[in-house]
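Chemist:
Residue numbers (the numbering used here): 11 to 298.
#1: Whole angstroms are fine: how far does the CA of residue 91 sit from the CA of residue 198?
#2: As a quick exercise: from 165, 219 and 164, pick the residue whose alpha carbon is nearest that of residue 172.
#3: With DSSP collapsed to three states, give me the class of residue 237.
#4: In whole angstroms, what is the alpha-carbon distance linking residue 127 and residue 229?
#5: Can you give me the C-alpha to C-alpha distance between residue 222 and residue 117, rounded to a whole angstrom?
#6: Which runs of the alpha helix (DSSP H), 4 residues or longer, sit entirely within the segment 49 to 80?
#7: As a quick exercise: from 56, 208, 202 and 122, pick the residue whose alpha carbon is nearest that of residue 216.
#8: Count the CB pairs spanning the segment 48 to 58 and the segment 245 to 259 that are closer than 8 angstroms, and state whether there are at least three.
#9: Would you kindly check if the distance between the Cβ of residue 282 and the Cβ of residue 16 is under 8 angstroms?
#10: Relative to the C-alpha of residue 64, which candidate in 277, 286, 270 and 136 has its C-alpha closest?
#11: Can you tell me whether residue 173 is helix, strand or coil according to DSSP?
#12: Look at residue 107 and residue 143 and say whether their C-beta atoms are less than 8 angstroms apart.
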């Protein structure tokens, strides 16, 4: 059986990762000159409180040496096939660095085989592919069968999210200062999705938080109409906004009858760019 690995940006719960024997490469983030993510962490709740208090975190991509050390730590006497599902190359240089590290490890350890896939996904969209890969691995599928499925289906992972505070998008360069001020006064909640290049794309503007949350579920209905097979799991990540995530979950259950819905905190690496209050919905659909 091959080993399945991913990045911390997949935002999957720790107990799920441990239960399913999935290892993560941690991306780093910096707050007030202090680096977190490599052995030193803070809770998502504490992280978003820091952002609400005016802190401006920054993030860094995986460097090749970190990835190389990670892969070398997984090499054993047997089962030296590793499938690594990586954070979107449209949002980070981590994929290229991880791929480079994998090639170095394989050159030095010919008995080892590492497949690194650019998921073109982020947060629990990346996590959804990891979930599917773990299912197939446990069903006895080979590393090549799983890798082929991921490559074929990764652009069917739909990401749709809404951000509560325009000022964080302004700091990230996604909206102008004037748009952030006027949008905030008007109660505008931007809706964003991830496109086929794995990049964030400003999709729509909705007035009012509840309308924006409802829009996410409406969009899911549009994108899953006619899609087969039906979703056996849906994922929701949130930036310290569990009540709103639960509201979206309940709408999905009522409208689609899907019971298996995984909710988890948005991690700091992505949360640094979207800010507190973000709600993101991930599912398999017709296309992005």
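All C-beta atoms, glycine included, are put in the ideal place defined by N, C-alpha and C.
Modeler: Quick look at the numbers:
#1: 48 angstroms
#2: 219
#3: In the structure shown, residue 237 sits in coil (DSSP, three-state: anything other than H, G, I, E or B).
#4: 27 angstroms
#5: Spanning the two alpha carbons is a distance of roughly 49 angstroms.
#6: 54 to 62
#7: 202
#8: Touching, yes, given that three or more Cβ pairs across the two stretches are closer than 8 angstroms.
#9: no
#10: Closest by alpha carbon: 286.
#11: The answer is coil: DSSP assigns residue 173 none of H, G, I, E or B.
#12: no
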